[in-house]
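And the structure:
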């Protein structure tokens, strides 16, 4: 009897396990890496911002924070156009810089640009703080030693605006501009009677008789009036000296002129009185700048400040703080009236009104 071996059983089928995709790991790594880089960037920006707040914005940090825009095409030689606009103040604004800081940076950039042959300063300002106006005058004066500077008086260039313009090699005014307002103003708000009505009083402890000079809670004493007038006249004499150096008139001539009693006058009247060199438009200022520089057909470039990340963060911080407090929005034209006890080269009616 033969024996038969059973046929071998077929091998059991084992499904091949699916290969695990590596994409989830790749995506996860990318996401984690992105989060890490974002956190590091935020830490770096905050650290830099804190340092900037403590130390203030240096010129090196702000270097290059401006835009250049072609406003009139021409040859390779350039004329820089820089605006000086608004109430003149040294108070910090965007990201800790002031309008004086921004203006200085723009002017210095134009001075150091070898393709720029001359500078036109377009002024549209009613003036402002005495010291800030004097700083602007010096910035323009120093620039004019390197390259010709032409001041163009636009809608209004009064008081400190005209003061700054006097540093230019030439002054061109639009015929309808409001300029002048040569003088100093210093105001004090008196609210003693209001305190009496609401039952509020002020106790003052002072080291000297004039330590509470121009206090708003009482009437101004004669000795205070004399002291303030002395300071105002000293500052006024400085203004006259600036105009004298610019216009070739003696301080005595200027004192005797009705144009230095604080009044404003038009660009046409300013030309008749010798307070500006020419009436015209901004294009005439460009042409005058080219003549002084000895070039023709130059390209006109406008220099403007650029808002950087530090400025944006500072603005965001101020906006966030504003959400937690109540503020009274005061029109820009009223702000100078609220600066009690501050001497101003300012047209008192404020900016933008006629």
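Numbering (the numbering used here), first residue to last: 216 to 569. Glycine is no exception: its CB is placed at the ideal position from the N, C-alpha and C atoms.
Check                                                                                                                             : Outcome
Cβ-Cβ distance between residue 413 and residue 387 below 8 Å                                                                      : no
For residue 503, the nearest candidate out of 243, 251, 249, 336 (CA to CA)                                                       : 336
In DSSP terms, what residue 400 is bridged to                                                                                     : 559
Buried versus exposed call for residue 454 [16 or more other C-beta atoms within 10 Å across all chains shown]                    : buried
Per-residue DSSP class, three states only, for residue 435                                                                        : coil
Given 8 Å, three or more beta-carbon pairs between the region 318–325 and the region 514–522                                      : yes
DSSP beta-bridge partners of residue 364                                                                                          : 334
Contact check, residue 369 vs residue 339, beta carbons under 8 Å                                                                 : yes
Neighbour-count burial assignment, residue 560, 16 or more Cβ in a 10 Å radius                                                    : buried
Reference residue 399; option with closest CA among 357, 475, 508                                                                 : 475
Residues of its chain near residue 407, where Cβ-Cβ distance is below 8 Å and the 5 sequence neighbours each way are ignored      : 431, 432, 433, 434
Strand pairing of residue 344, partner residues [DSSP]                                                                            : 559
DSSP beta-bridge partners of residue 286                                                                                          : The partner list for residue 286 (beta bridge, DSSP) is empty, contrary to what the question assumes.
Counted within 10 angstroms of its Cβ, other Cβ atoms place residue 480 as buried (16 or more) or exposed                         : buried
contact_flag[the region 378–395, the region 484–500] where n(CB pairs < 8 Å) is 3 or more                                         : yes
According to DSSP, residues forming a beta bridge with residue 473                                                                : For residue 473, which the question treats as bridged, DSSP gives no partner whatsoever.
Cβ-based neighbour list, residue 534, same chain, cut-off 8 Å, excluding 5 preceding and 5 following                              : Because residue 534 carries a pLDDT of 47, less than 50, the predicted location of this residue cannot be relied on, and the following value inherits that uncertainty. No residues qualify anywhere along the chain.
Local conformation of residue 515 per DSSP, three classes                                                                         : strand
Coarse secondary structure for residue 298, derived from DSSP in three states                                                     : strand
Classification of residue 421 by the beta-carbon crowding that lies within 10 angstroms, buried from 16 upward                    : exposed
Local Cβ density within 10 Å of residue 409, reported as buried at 16 or more and exposed below that                              : exposed
Simplified DSSP assignment, three categories, for residue 316                                                                     : helix
Top-ranked residue by Cα proximity to residue 381, from 463, 289, 391                                                             : 463
C-beta atoms of residue 458 and residue 469 nearer than 8 Å                                                                       : yes
Outcome for residue 558 when other beta-carbon atoms lying within 10 angstroms are tallied against a minimum of 16                : buried
Chain-order list of residues whose beta-carbon lies under 7 Å from that of residue 497 (same chain, five-residue window excluded) : 337, 367
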